[in-house]
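**Q**
2 protein chains.
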Amino acid sequence: MLRSRPRKPVRKQPRRYHHGDLPRAMLQEAVQTIQTHGTEALTLRGVGERLGVSRTALYRHFADKQALLAAVATEGFRSLRVALFEAWDTGGRGREGFDAMGIAYVRFAVAHPAHYRVMFGGVVRPADGSQEAGDLGTDAFQVLVDAIVEQQQRGLVRGDDPRQLALYIWSVVHGVAMLALDGMLPPPTQADALVKFANERLRTGIAP
Amino acid sequence: MLRSRPRKPVRKQPRRYHHGDLPRAMLQEAVQTIQTHGTEALTLRGVGERLGVSRTALYRHFADKQALLAAVATEGFRSLRVALFEAWDTGGRGREGFDAMGIAYVRFAVAHPAHYRVMFGGVVRPADGSQEAGDLGTDAFQVLVDAIVEQQQRGLVRGDDPRQLALYIWSVVHGVAMLALDGMLPPPTQADALVKFANERLRTGIAP
DNA sequence: ATTCTTGTGTTGACAGTGTCAACATGAATG
DNA sequence: CATTCATGTTGACACTGTCAACACAAGAAT
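So the sequences go chain by chain: A and B.
Take the first sequence: its letters are residues 1 to 208, numbered as in the numbering used here.
Take the second sequence: its letters are residues 209 to 416, numbered as in the numbering used here.
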């Protein structure tokens, strides 16, 4: 299968035998490769080469390629959680902030499509596979639950089970993000517009 | 990367040089392999071997592996469209039928997780990549749009742009399906239950 | 009927991949 | 200083997708 080529190996200076913090560097390199060249361009040999290290050095820090991908997913959930909370918090922790959360979610996915796919693409299961990824996934999820509870206390959202509500809303934004990534949103209806529409319908429903 | 082994090659009788309908057989074999052993277990050599045909015979009918996957995606959209329409139609083409559509959608994804991922996993873009897959994707989408228009005429759904509404609702079920496939729905909250909940909130909104 | 053409299937080969076993290195510990 | 052990390297292997060159068969053209 033909794949696009990542950038050439760059080693600033002849590395010492022991690289300072290889795990961190490898994760970072993997994230960048995925972001700029897609997941299929991520090859263990390439990562090693670009870090000026041999092809199997990675195995001293990650069990296998899946483990590396799991770490990438973890990193993604961390960033997503930060982005969500920031949108909610700076948006005023009210209706406006909640809408901002939805927009931030979809924007994250659209800005880092390949990375987002690793998080949810089934290569690594956020729920059971990597324990850490699962925790961070639920961490990001928790931000949403908290926001819902806070809105419920202010009488902005009905008093259903907040976790159920959160799952529902997560489904909406996740669905919009996926459709956007798959290019199923026709040009006139951009992702942002759909999120805006979704936010309105989310509150008042689709019944007349 | 280690992968689970598909079943052994089975050739009933010494095949003729010209296999009757190889494209169809290969597509079918690919779908079955993906369904029972996952997408990563799909190998061109394996497909050929299991059909009692050489490893590169596939190239006379598909441009490359991606093309085969595109065909798999197409087949999936066809099935999905049928399932959706049947649920809508036998459900009485009303509120009940609409809810049934949502359940049918998620059930399809849960019943054929790997196949569903091929349809939306980004390996093949339903929108532009394979023209045929795109058409079928929008065909399935059209079923939803039609159902919405019909409900609007009966006063069951507000008179927004039906395509926008359809995109929104598609996002919801697609999101639920994806979360279910990723195992992010905790045991107490099964996929069906979430769809049921989603159907209610979809109509009346989350505001108090 | 015989030849030709063209669609279909085969074999050989190649570059690239993830992964393991065996070995090399060097920093920390006694 | 000697040892230990985490860390990095080299060699090898099985497996993959893909291409080029070849073999075969069925229908068209003669």
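From the three backbone atoms N, C-alpha and C, an ideal C-beta is built for every residue, glycine too.
These numbers were taken from a predicted model, which means no experiment stands behind them.
Could you name the residues of chain B that Arg-117 (chain A) contacts, counting a contact when the two beta carbons are closer than 7 Å?
**A** Start at 1 with the first residue of the first sequence, and residue 117 (chain A) comes out as number 117. Within 7 Å Cβ-Cβ: Gly-330.
**Q** Let me know the secondary structure DSSP gives Thr-412 (chain B) once reduced to three states.
**A** As a first step, residue 412 (chain B) is located in the second sequence; it is residue number 204 there, counting from the start. Three-state result, Thr-412 (chain B): helix.
**Q** Chain B partners of Gly-205 (chain A), CB-CB under 7 Å?
**A** Residue numbering aside, residue 205 (chain A) sits at position 205 when the first sequence is read from its first letter. What Gly-205 (chain A) touches in chain B: Leu-410, Arg-411, Thr-412 and Gly-413.
**Q** Between the segment 180–188 of chain A and the segment 387–394 of chain B, do at least 3 Cβ pairs fall closer than 8 Å?
**A** No, because fewer than three Cβ pairs between the segment 180–188 of chain A and the segment 387–394 of chain B fall closer than 8 Å, the two stretches do not touch.
**Q** Taking the Cβ atom as the reference point for each residue, do Met-119 (chain A) and Leu-68 (chain A) lie within a distance shorter than 8 Å?
**A** Walking along the first sequence from the start, residue 119 (chain A) turns up at place 119. Walking along the first sequence from the start, residue 68 (chain A) turns up at place 68. No; because the gap between Cβ atoms is not below 8 Å, this pair is not in contact.
**Q** Less than 7 Å between the CB of Ala-104 (chain A) and some heavy atom of the ligand FMN, yes or no?
**A** Because no ligand of any kind appears in the structure shown, any question about the ligand FMN cannot be addressed here.
**Q** Identify the contact partners of Ala-198 (chain A) in chain B, using a Cβ-Cβ distance below 9 Å as the criterion.
**A** Here residue 198 (chain A) corresponds to residue number 198 of the first sequence, with the count starting at 1. Within chain B, the residues near Ala-198 (chain A) are Leu-375, Tyr-376, Ser-379 and Val-380.
**Q** Anyone know if the C-beta pair for Val-380 (chain B) and Leu-292 (chain B) falls short of 8 Å?
**A** The sequence position of residue 380 (chain B) within the second sequence is 172, counting from 1. The sequence position of residue 292 (chain B) within the second sequence is 84, counting from 1. In this structure, Leu-292 (chain B) does not lie closer than 8 Å to Val-380 (chain B) by Cβ.
**Q** Under 8 Å: do the segment 363–378 of chain B and the segment 196–207 of chain A share three or more Cβ pairs, one atom per stretch?
**A** Judged by Cβ distances under 8 Å, the segment 363–378 of chain B makes contact with the segment 196–207 of chain A, as three or more pairs qualify.
**Q** Grouping DSSP H, G and I as helix and E and B as strand, with all else coil, what is Leu-347 (chain B)?
**A** Locating residue 347 (chain B) in the second sequence gives position 139, where the first residue counts as 1. According to the sequence provided, residue 347 (chain B) is Asp. The question's Leu does not apply to it. Residue state, collapsed to three classes: helix.
**Q** Here's the rule: buried if 16 or more other CB atoms are within 10 angstroms of the residue's CB, otherwise exposed. What is Tyr-172 (chain B)?
**A** Beyond the ends of chain B as shown, which are 209 and 416, falls residue 172 (chain B); an answer cannot be given.
**Q** Write down the C-beta distance between Lys-273 (chain B) and Leu-288 (chain B) rounded to the nearest angstrom, noting that I regard them as a contact closer than 8 Å.
**A** Along the second sequence, read from residue 1 onward, the residue named residue 273 (chain B) stands at position 65. Along the second sequence, read from residue 1 onward, the residue named residue 288 (chain B) stands at position 80. Not quite, the Cβ-Cβ distance comes to about 22 Å (not below 8 Å), so this is no contact.
**Q** Leaving aside the five residues before and after Ala-226 (chain A) along the sequence, list all residues of the same chain whose C-beta is less than 6 Å from its C-beta, in chain order.
**A** Since the first and last residues shown for chain A are 1 and 208, residue 226 (chain A) lies out of range.
**Q** Please classify Asp-146 (chain A): does DSSP put it in a helix, a strand, or coil?
**A** Along the first sequence, read from residue 1 onward, the residue named residue 146 (chain A) stands at position 146. Asp-146 (chain A): helix per DSSP, three-state reduction.
**Q** Report the rounded CA-to-CA distance for Leu-58 (chain A) versus Ala-295 (chain B), giving the unit in angstroms.
**A** Locating residue 58 (chain A) in the first sequence gives position 58, where the first residue counts as 1. Locating residue 295 (chain B) in the second sequence gives position 87, where the first residue counts as 1. One C-alpha to the other measures close to 50 Å.
**Q** Suppose contacts are defined by Cβ-Cβ distances below 8 Å. Is Gln-151 (chain A) in contact with Gly-159 (chain A) by that definition?
**A** Along the first sequence, one-based indexing puts residue 151 (chain A) at 151. Along the first sequence, one-based indexing puts residue 159 (chain A) at 159. No, the pair does not count as a contact, with Cβ atoms beyond the cut-off.
**Q** For the 8 Å Cβ check, are there 3 or more pairs between the segment 30–38 of chain A and the segment 97–117 of chain A?
**A** The segment 30–38 of chain A, when compared against the segment 97–117 of chain A, does touch it at the 8 Å Cβ threshold.
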